[in-house]
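These protein sequence lines map, in sequence, to chains A and B. When we follow our numbering, the leftmost residue of the first sequence carries the number 2, and every step to the right adds one. When we follow our numbering, the leftmost residue of the second sequence carries the number 6, and every step to the right adds one. Here a beta-carbon is modelled for each residue, glycine too, at the ideal position from N, C-alpha and C. A quick note: this is a predicted structure, and the numbers were derived from the prediction, not measured. Since the structure comes first, as structure tokens, the remarks are kept for the end.
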Amino acid sequence: MSLLTTILVALLALGGLALIFGLILGYASIRFKVEGDPLVEQIDEILPQTQCGQCGYPGCKPYAQAIAEGDVINKCPPGGDATIKKLAELMGVEATSLDAAHGKEDVKKVAYIREDECIGCTKCIQACPVDAILGAAKQMHTVIVDECTGCDLCVDPCPVDCIDMIPLASNASAWRWDIKAIPVKQLS
Amino acid sequence: MQTDFEQVIDKLQSKQQWDFPGGVFPAQQKELSNQTQILTLPLAQRFFVPVKQHIGVEGHVIVVAGDKVLKGQALSKSMNDFAVPVHAPTSGTVIGVGPHESAHPSGLPELTVEIEPDGEDKWHELSPLQDYQNQSKMTVLAAICDAGISGMGGAGFPTHIKAAPKKEVEFLIINGVECEPYITSDDRLMREHAWQIRQGIDVLTHLLSPKKILIAIEDNKPEAIEAMQVACHENPQYMVCAIPTKYPAGGEKQLIQVLTNREVPKQGLPGDVGVIMHNVGTCYAIADAVFSGKPLTQRVVTVSGHAVNKPGNVWALVGTPIEHLLTHAEYQGAKQPQPKVIMGGPMMGFTVTSNQVPVVKITNCLLLPTANEVADTDNEQACIRCGMCADACPASLLPQQLFWHSKAKELEKAQEYNLFDCIECGACAYVCPSEIPLVHYYRIAKAEIRIEQDEKQKADKARERFESRSARLVKEQEARDEKHRKAAEARKQAMESNGNGAKDKIAAALARAKAKKRQANESVDNQDPPIGSIAQQPSTTAADPSANTSSNERVAAAIARAKAKRAAQTQAQAKATGDAGSSDEHGTEIESAANESTTQPVDDTPIQASENPVVAGPIKTNEKRANEKLEPVSENALTTGTAKPLPVALAESLSVEPAIAVEAEQKPPITELKVTKPRVTKARVSKVITTEEKVSPASSGESLTDKQIDDASKKVKVTAAVAKAKAKRAALQKAKAEDETVDVPLTENKEEQQLDAKKRRIATAVAKAKAKKAAQTANTNNKDES
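Shown next, in the form of structure tokens:
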């Protein structure tokens with residue numbers, strides 16, 4: 002067997018293997034193709050879903066989309082630093098402080114309609130992004146506190162300014178333990 | 006592998022137990038409070054009964070300010086399975102229902118019923134269940150629930166749920182361990198009320214049907230063990246187990262491990278390993294509720310610590326402000342540099358925020374330590390990784406890892422280290438040489454995780470609502486667009502169809518107009534030739550009289566005469582009455598019949614055309630055909646006028662007969678006719694005159710001069726021509742008018758058409774008749790001339 006034949010056999014064997022694996026890989030890339038863009042979903046998961054639009058986008062999902070397309074991550078005042086931290090981790094960018102142009106982090110609030118002043122114009126109902134306001138035309142409106150995200154969007158449209166944003170009262174079940182509240186008890 | 010029942014029993018009968026990992030041995034301070042009997046305190050000035058004193062959902066308050074309540078009267082109502090009611094601790098007046106500082110580390114205000122006692126302590130009507138064994142389990146459970154009993158060991162889980170297990174129960178464990186140092190409330194209760202506790206255990210046994218009842222008491226409470234043994238000795242199912250003193254042996258999972266060597270799975274319940282555990286205090290309350298009908302309104306509270314002069318146990322009514330208890334225990338708060346009141350034990354308790362905080366169903370101890378008893382709080386040092394906390398942990402966790410992650414807020418990692426399996430016993434903090442308050446870090450982390458989960462849940466809900474709203478808005482917008490599109494389409498279609506309708510109408514009108522024009526033309530054409538022929542006839546006949554056969558001529562003449570008569574009759578129709586001459590009547594009938602037969606198709610076609618524009622073409626042809634059909638008739642009528650052989654058409658035959666009769670009559674002296682006819686009626690006079698006029702040339706031909714005849718025939722011809730012209734003009738006008746009246750609604754059109762048709766028919770008939778008369782006159786003239 003000449004040297005040429007040996008080289009030829011080796012080339013054929015390697016070429017054949019390359020072809021087989023290429024085919025397998027090609028098939029796998031089609032067969033196990035990942036659908037959709039999971040990044041937007043992941044970002045949307047992190048965002049606080051107040052749908053307040055303070056970021057300049059009409060809701061959390063559009064902002065998630067924008068972040069996925071390269072927008073900055075510090076435009077979400079309701080999420081605050083915690084959200085920025087998580088986003089930074091997810092996107093692999095540096096966590097910056099909240100952009101003051103979009104507002105500052107505030108305590109959680111809910112809308113409250115002073116019901117005797119409500120004229121039943123339904124403007125706040127149309128403004129509410131999560132359908133948390135109940136009412137009908139010329140009927141008194143009221144806020145479903147559990148559904149309110151505190152987005153502030155209903156305040157401006159109200160023609161009689163009867164909507165207040167009230168800080169959410171803390172209750173025992175949602176109470177954050179304060180390390181200083183309880184002294185360490187060390188028995189002698 | 007789970008230790009099986011026999012193994013457990015064997016081991017327990019040999020006075021041996023298993024052990025749980027870790028645990029600590031804090032200094033026991035039980036002697037401080039367990040030496041005296043449980044005292045009953047006088048009533049407090051005010052009672053604050055929180056509506057929610059258990060794990061689960063708060064009930065619905067059923068009293069308002071100003072209500073008089075009796076001791077044991079329910080203040081709230083269970084709204085679901087997880088809610089138990091609260092009861093008035095004494096008789097008195099409800100002062101208000103509102104927020105009040107809670108028996109919670111936060112001290113946050115919670116809904117509380119404030120009662121001012123009237124001092125009588127009068128019981129509400131009680132309904133005991135003496136024969137509970139004959140009652141259904143549901144009734145007993147309901148009684149327990151209505152009595153407001155929830156776990157009195159510390160967690161406050163509603164007892165009626167724990168007493169109705171879904172799984173088979175092997176062991177009912179009665180927890181009398183009370184492992185916290187200082188606390189002696191269960192100890193004293195067992196010593197003094199062992200019998201009633203046993204009654205409570207009996208009720209639970211009835212409800213749960215366990216194989217074995219284990220009453221677990223730490224061996225540092227020999228009096229309690231003895232008392233319980235005495236109370237339970239008659240029932241072999243009951244076994245009092247003395248277990249070694251080690252903190253936290255009283256923890257549910259730890260006690261199960263000690264007694265049965267079974268481990269409650271992560272996120273599982275004791276029921277998963279065939280065990281149900283109840284506190285001795287709960288058993289006492291159950292006995293109270295079932296045998297005397299008394300709801301849970303009081304409990305034993307240990308008031309202990311070196312800062313009180315009279316430590317001990319008291320029966321505290323639920324809702325009593327702790328200040329009342331402290332006063333009676335002679336608390337030396339003023340002497341303390343850092344006065345603090347701890348609710349619960351030193352290991353797991355918390356500092357209360359105010360001395361107005363009420364005693365609740367799970368309050369087992371008020372600890373009032375001196376500064377020596379409790380270490381300074383700001384002594385926390387860095388973790389030195391000594392690992393003592395891991396050794397002490399009864400749940401086999403890694404406290405230092407949990408500490409790192411909790412402190413760094415790496416909550417996910419903390420959860421990976423099973424943060425939620427921590428029972429917050431405080432053993433790790435107790436052994437920590439760096440005095441790190443480990444449990445507090447865990448509590449903070451746990452709270453944050455819970456809040457985060459809540460927020461996540463809320464965010465998910467908000468997202469869902471936002472998305473469904475967006476979807477709804479899009480849908481509404483689409484629906485609106487669709488509606489608009491449809492409306493536009495409908496409008497367009499309506500316009501088109503209207504346009505179509507208009508087109509149809511135009512087409513129909515055109516068709517109609519054409520048909521009419523053609524008809525008119527035809528009638529004119531038809532009329533023309535006869536007149537022409539009539540006009541010509543006289544000349545031809547005049548030119549060649551010999552060519553005409555006398556009989557033919559006579560028949561033709563007769564027909565013409567008859568027609569002339571008929572025409573005359575038509576003219577006089579307005580004046581004519583019912584008793585017109587028979588020949589005249591016939592004539593009218595025939596003519597009207599003929600009219601009908603000719604006009605019908607003309608009437609129908611426009612309607613059809615407008616109704617069915619697509620078939621306009623065929624209809625036109627139909628029309629044409631109809632016209633063609635008509636043609637022979639008119640031709641016949643005309644040919645009769647042009648002296649053809651005997652007509653075949655019915656109308657003609659009918660009209661011929663009287664004509665012949667007239668002819669026959671004509672042969673006898675006509676003067677007779679003239680004489681007789683005027684006599685009949687006045688109406689007939691004019692007719693008679695016309696007939697006379699017509700007949701006169703024939704009858705009195707000899708008497709008339711040629712000139713006269715010529716004049717007469719000329720006159721007739723002129724009138725016929727005029728009539729013809731008029732008829733033509735009328736027909737044209739009508740066609741024009743109909744062209745203009747395209748948009749007139751169908752019915753109107755139809756009516757108009759009918760009217761027009763009638764008019765036209767009359768006009769044509771008149772014209773025809775005139776023409777015929779003229780022809781006839783010409784004929785007669787010719788005949789006369791010949």
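Cβ proximity to chain B below 7 Å picks out P130, V131 and D132 from the stretch 106-132 of chain A. With a threshold of 16 other beta carbon atoms within 10 Å, B/R485 falls short and is exposed. Cα atoms of B/K172 and A/E46: separation of roughly 39 Å, rounded to the nearest angstrom.
Between B/V69 and B/V99, the beta carbon gap of about 7 Å places them in contact (Cβ cut-off 8 Å).
Closer than 7 Å to the CB of B/R485 there is not a single CB belonging to chain A.
Looking at the DSSP output, B/D396 bridges to nothing. Rounded to the nearest angstrom, the Cβ distance from B/P31 to B/Y435 is 6 Å, consistent with a contact under 8 Å. Within the stretch 54-67 of chain A, those residues whose Cβ lies closer than 8 Å to any Cβ of chain B are, in chain order, G60, C61 and K62.
Secondary structure of A/K124 (DSSP, three-state): helix.
In terms of Cα proximity to A/I114, the closest of A/T84, A/Q127, A/L88 and A/D162 is A/D162.
In this chain, the alpha helix (DSSP H) harbouring B/E197 covers S190 to L213. The beta carbon of B/D126 lies closer than 8 Å to those of L48, K76, T95 and S96 in the same chain, with the five residues before and after it left out. Annotation: Cβ neighbours of B/F471 in chain A (cutoff 9 Å, chain order): Q50, Q52, G60, C61, K62, P130, V131, D132 and T150. Looking at the DSSP output, B/I178 bridges to B/L219 and B/M282. Distances from the CA of B/T287 to each of B/Q42, B/E417 and B/H165 were compared; the closest alpha carbon is that of B/H165.
By the Cβ neighbour-count rule, B/K491 is exposed, with fewer than 16 other Cβ atoms within 10 Å of its own. Counting every other CB atom within 10 Å of its CB across the protein chains shown gives B/I441 a total of 16 or more, marking it as buried. When C-alpha distances from B/K775 are compared across B/I767, B/T724, B/R734 and B/Q738, the shortest belongs to B/T724. In this structure, B/R203 is the residue among B/R203, B/L260 and B/V263 with its C-alpha nearest to the C-alpha of B/N240. Scanning B/G101, B/I67 and B/M352 for the CA closest to the CA of B/A432 turns up B/M352. Annotation: B/W128 to B/V323 spans about 15 Å, alpha carbon to alpha carbon. Taking 7 Å as the cut-off, the beta carbon of B/V29 is found no closer than this to the beta carbon of B/A294. Taking 7 Å as the threshold, the shortest C-beta distance from B/A397 to chain A does not fall below it.
Comparing C-alpha distances from A/A69 to each of A/K139, A/L15, A/Q43 and A/M141 shows the shortest one belongs to A/Q43. Counting only runs of 4+ residues, the alpha helix (DSSP H) found wholly inside the stretch 393-440 of chain B occupies 393-397, 404-412, 416-421 and 432-436, in chain order. B/M282 is positioned such that its CB atom lies no closer than 7 Å to that of B/A232.
Taking 7 Å as the cut-off, the Cβ atoms of B/S83 and B/G101 do not count as close.
Proximity of B/R496 to chain A, defined by a Cβ-Cβ separation below 7 Å, is not satisfied. Interface annotation, B/A467: in contact with chain A, CB-CB separation under 7 Å.
By the neighbour-count criterion, in which 16 or more other beta carbons inside 10 Å mark a residue as buried, B/Y336 falls on the buried side.
Under the DSSP assignment, A/L20 falls in the alpha helix (DSSP H) whose first and last residues are L4 to R32.
The beta-carbon distance between B/I327 and B/G161, rounded to whole angstroms, is 17 Å. This is too long to meet the 8 Å contact definition.
A contact between stretches requires three or more CB pairs, one per stretch, nearer than 8 Å, and the stretch 355-365 of chain B fails this requirement with the stretch 182-190 of chain B. Between A/V111 and A/L169, the gap from beta carbon to beta carbon is short of 7 Å. The residue from B/K16, B/Q405 and B/A514 with its alpha-carbon nearest to that of B/L219 is B/K16. In the structure shown, the three-state DSSP call for B/S81 is strand.
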